[in-house]
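In our numbering, the protein residues as written are 510 to 727.
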């Protein structure tokens with residue numbers, strides 16, 4: 510019997526991570542945060558001081574690294590049993606991830622790595638191309654979005670709570686530009702799967718979104 514998969518795709522800041530983790534927790538399913546995959550590999554490569562021009566060596570690390578996601582109140586990412594969550598946002602991690610993300614054989618190895626998360630009793634996969642590229646045969650698909658203005662407001666609130674100064678207009682422009690780049694990029698562009706449920710969360714509570722997603726699975 511095929512292991513069920515729920516894919517939740519959508520633009521940055523739409524709340525995919527929060528919704529996906531909470532749904533996975535409610536269902537007791539496994540969880541895949543695809544956005545952390547390349548950054549986790551970047552950390553593994555930096556730890557092992559792998560030459561970034563050696564694609565075969567990078568692929569070997571990609572194939573052998575053990576990655577796990579734990580859905581508590583906050584997402585915890587473990588690489589080979591060690592919590593690397595705090596390292597995911599580092600600039601060195603992001604820069605390395607950008608370099609390796611364009612390598613075809615690395616992309617193929619990480620595609621397989623993501624598909625390996627499809628284990629019983631089920632998987633909730635969060636990303637931008639989960640329903641179109643990684644799990645095109647997923648049993649349930651959601652495209653979760655919100656207006657650029659609403660996503661900017663959410664980001665503004667997060668930054669203010671952390672004591673970081675921010676400009677709402679600039680955040681809105683940044684989000685609109687990122688949406689454009691993600692939709693137009695040549696490899697795995699942001700796109701809604703044909704059979705996905707479209708949810709605009711601009712004026713919805715988290716609980717209301719979760720209920721709509723669970724109704725789809727039911």
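We put the beta carbon where it would ideally sit given N, CA and C, even for glycine. This structure is a prediction, so every number in the text was calculated from the model and none was measured.
- The criterion of a C-beta distance shorter than 8 angstroms is not satisfied by residue 662 and residue 684.
- Nearest Cα to residue 706 within the set 578, 628, 594 and 647: 647.
- If you compare the alpha carbons of 644, 658 and 591 with that of residue 514, the shortest gap goes to 644.
- Residue 534 and residue 715 have their C-alpha atoms some 14 angstroms from each other.
- If you draw a straight line from the Cα of residue 560 to the Cα of residue 591, it comes to about 23 angstroms.
- Residue 640 sits in a helix when the DSSP states are folded into three classes.
- The secondary-structure analysis by DSSP pairs residue 539 across a beta bridge with 632.
- Residue 569 holds the alpha-carbon nearest to the alpha-carbon of residue 614 among 693, 521, 639 and 569.
- Here residue 593 carries a coil assignment [DSSP, helix/strand/coil].
- In this structure, residue 628 places its C-beta atom within 8 angstroms of the C-beta atom of residue 512.
- Linking residue 713 to residue 649 through their CA atoms gives a straight-line distance of about 21 angstroms.
- Around the Cβ of residue 635, a 10 Å sphere holds 16 or more other Cβ atoms; the residue is buried.
- Here residue 576 carries a strand assignment [DSSP, helix/strand/coil].
- As DSSP reads the structure, residue 650 sits in a beta bridge with 516.
- Annotation for residue 620: the continuous alpha helix (DSSP H) segment containing it runs 613 to 624.
- In the three-state scheme derived from DSSP, where H, G and I count as helix and E and B as strand, residue 582 is classed as coil.
- Separation of the CB atoms of residue 618 and residue 547 is rounded to 11 angstroms, and the pair is thereby denied contact status at 8 angstroms.
- Secondary structure of residue 706 (DSSP, three-state): strand.
- Spatial neighbours of residue 722 in its own chain (CB-CB distance under 7 angstroms, excluding positions within 5 residues in sequence) are listed in chain order as 528, 532 and 651.
- Inter-residue distance for residue 593 and residue 657 is about 30 angstroms (C-alpha atoms, whole angstroms).
- Here residue 558 is exposed. Its C-beta has fewer than 16 other C-beta atoms within 10 Å.
- Annotated three-state conformation of residue 671 is coil, per DSSP.
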